[in-house]
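A.B. asks:
The structure is reproduced here in structure tokens:
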């Protein structure tokens, strides 16, 4: 039985986005605090877990870092099915990657879990000189589509922990107002027992 | 002929031995993580046990080498190049032994491993790469490279992006020379088969082929024979449909070949085997298993065909059966499997299970299974495509 002061939550989180946007780098920074200039290309998907404490709850993220190449798209549903959260990543120096991100948002909105917490990450924010996607543009898009937006840099660590922390806070069962009833199934992803919607 | 050993020109024999750690350290070994180079110069992390296992593997590789040299001395240098029985093509081999006896010896021998120095030659002929190459003009590869020089396609852009991301840190692959060779092989192939073009995953496969084969051109032909003859069709094409089919076949086999409680347990956890096995099948284990173990799998793959991938994948689950049954989370399952594959430094440990404990599977049965799964996969992919397309229309 979970008490209000001590909640353990497992949350499946998926990272989606164009090839080379920096999905794996964000995860590596978040999970291990490391950055490498050339991150091995991900095939299928890679799995990581990391725990965060937030609002009296402990959130254990089970992170699926997916492959970006277009043809791997056909595998994606397996990874976002039942996910409590998603980070859609684009590269601020690459307009095409932003367009790709929008497509992911669209797909998740129609196919994903309706309570999913979605974050839009404009990665490589350290490369300001080469910026192709204006922060305002991404911000407006995110607002219109019920996501929250952050510019991140896996290289400098800017906003990396913050984006995961923000997601954790927004998970339905982490919100203080939420009043979970009955037994909390520890071995089930959060969204299965969550009933209230998380985002507007 | 032991004397031929002196001709070995690769670094393998001369690489410095990993220092054997003193027994006194063994008590603390659980906490000790060391970095070391394996047989193919990959830097790996492991504990003292792993280091010792790898030293034993080196010794076994040497022993296995002696077996092959002795056979060469008895049967003649190219005895294994005898055509297989089914092919019935007379090669120009001057020696005629009992083909059947040789085939049986060879199958056993290959499952025990081809010595690294003989790999280029044995793979090239037994996989069918030599035959494939012989059907085109001698200058095919050079002509191909000349023809594609300077051309930019989505495939070449993707390849360029992946070159430094393919086994970064490897002392040869991650050099300008290594990148250039890998680029030529991948770009060349992307033009040879535009349906495949370039699929991520092939970078790892081609890189490892380059490390094994003597020449870049031979690596190219190995990649060609792999994609065109050894593996099932459409593994790497636009929607990876062949790979989807393999995953479904694998799921069925897991229920049949491993105790059914494993499959039941994993299903209850909502664990789909393709969560881990997609990478195994697309990279042919090169991203999961240590290099020599991967290449031992490939030894058999090139001789016995794609069913070998199922044997090996099933073996990994079987080896960890007890631990897997104790898991409560998908994450735990994946962690166990990842840890297991990364530490399989002893190829025999894996291959013994793969071939002695899984039970036989004929290529024929697996082909039938594929035929059964294909329509469902195609329907699913098609349905998905339509759903996504209708999404786009709504958006307009």
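Residue numbers (this note's numbering), protein chains in the order written: chain H, 52 to 251; chain Z, 252 to 647. Backbone N, C-alpha and C fix where the C-beta goes; we use that ideal spot for every residue, glycine too.
(1) Three or more beta-carbon pairs under 8 Å between the region 447-460 of chain Z and the region 536-552 of chain Z, yes or no?
(2) Can you pull the DSSP bridge partners for residue 169/H?
(3) Skipping 5 residues on each side, what residues in its chain have a beta carbon closer than 7 Å to that of residue 366/Z?
(4) What does the alpha-carbon distance come out to for the pair residue 114/H and residue 93/H?
(5) Could you work out which residues of chain Z lie near residue 94/H, taking near to mean beta carbons separated by less than 7 Å?
(6) Just the chain Z side, please: which residues come within less than 7 Å of residue 118/H by C-beta, in chain order?
(7) Nearest to residue 283/Z by alpha carbon, out of 301/Z, 294/Z and 293/Z?
(8) Is it right to say residue 634/Z is buried, meaning 16 or more other beta carbons lie within 10 angstroms of its own, or is it exposed?
(9) Does any CB atom of chain Z fall closer than 8 Å to the CB of residue 69/H?
(10) With burial defined as no fewer than 16 other Cβ atoms inside 10 Å of the residue's Cβ, what is the status of residue 352/Z: buried or exposed?
(11) With a threshold of 16 other CB atoms inside 10 Å of the CB of residue 71/H, please say whether the residue is buried or exposed.
(12) How would you write the range of the beta strand (DSSP E) that residue 288/Z sits in, first residue to last?
(13) Would residue 581/Z pass as an interface residue toward chain H - the criterion being a Cβ-Cβ separation below 8 Å?
(14) Report the neighbours of residue 90/H on chain Z: residues whose CB is nearer than 9 Å to its CB, in chain order.
(15) Could you work out which residue in 405/Z, 426/Z, 631/Z and 389/Z is closest to residue 441/Z when comparing CA atoms only?
(16) State yes or no: is the beta carbon of residue 484/Z nearer than 8 Å to at least one beta carbon in chain H?
(17) Which chain Z residues are close to residue 113/H, counting only those with a beta carbon under 8 Å from its beta carbon?
(18) Going by beta carbon distance, what residues of the same chain come within less than 7 Å of residue 219/H, once the five residues before and after it are set aside?
(19) Name the DSSP bridge partner or partners of residue 105/H?
(20) Check each candidate in 629/Z, 618/Z and 590/Z and name the one with the smallest Cα separation from residue 296/Z.
(21) Output, in chain order, the set of chain A residues within a Cβ distance shorter than 8 Å of residue 129/H.
(22) Using 8 Å as the cut-off, can you tell me whether the region 576-592 of chain Z makes contact with the region 384-402 of chain Z, which would need three or more C-beta pairs spanning the two stretches below that distance?
(23) Residues of the region 147-179 of chain H in Cβ contact with chain Z at a cutoff of 8 Å, in chain order, please.
(24) So with CB distances below 7 Å, who are the chain Z contacts of residue 122/H?
(25) How would you label residue 393/Z, buried or exposed, when you count the other beta carbons within 10 angstroms and need 16 or more for buried?
(26) Rounded to a whole number of angstroms, what is the C-alpha to C-alpha distance between residue 492/Z and residue 500/Z?
(27) Look at residue 68/H and residue 143/H and say whether their C-beta atoms are less than 8 Å apart.
(28) Let me confirm a value: residue 498/Z is counted as buried when at least 16 other C-beta atoms fall within 10 Å, else exposed. Which label applies?
C.D. replies: Looking at the atomic coordinates:
(1) yes
(2) 137/H
(3) 312, 315, 316 and 319
(4) 14 Å
(5) 451, 452, 530, 533, 534 and 538
(6) 451
(7) 301/Z
(8) exposed
(9) no
(10) exposed
(11) buried
(12) 285-288
(13) yes
(14) 416 and 419
(15) 405/Z
(16) no
(17) 580, 581 and 582
(18) 103, 105, 110 and 225
(19) 108/H
(20) 590/Z
(21) The structure shown has no chain A; the protein chains it does contain are H and Z.
(22) no
(23) 157, 158, 161 and 162
(24) 450, 489, 490 and 491
(25) exposed
(26) 13 Å
(27) no
(28) buried
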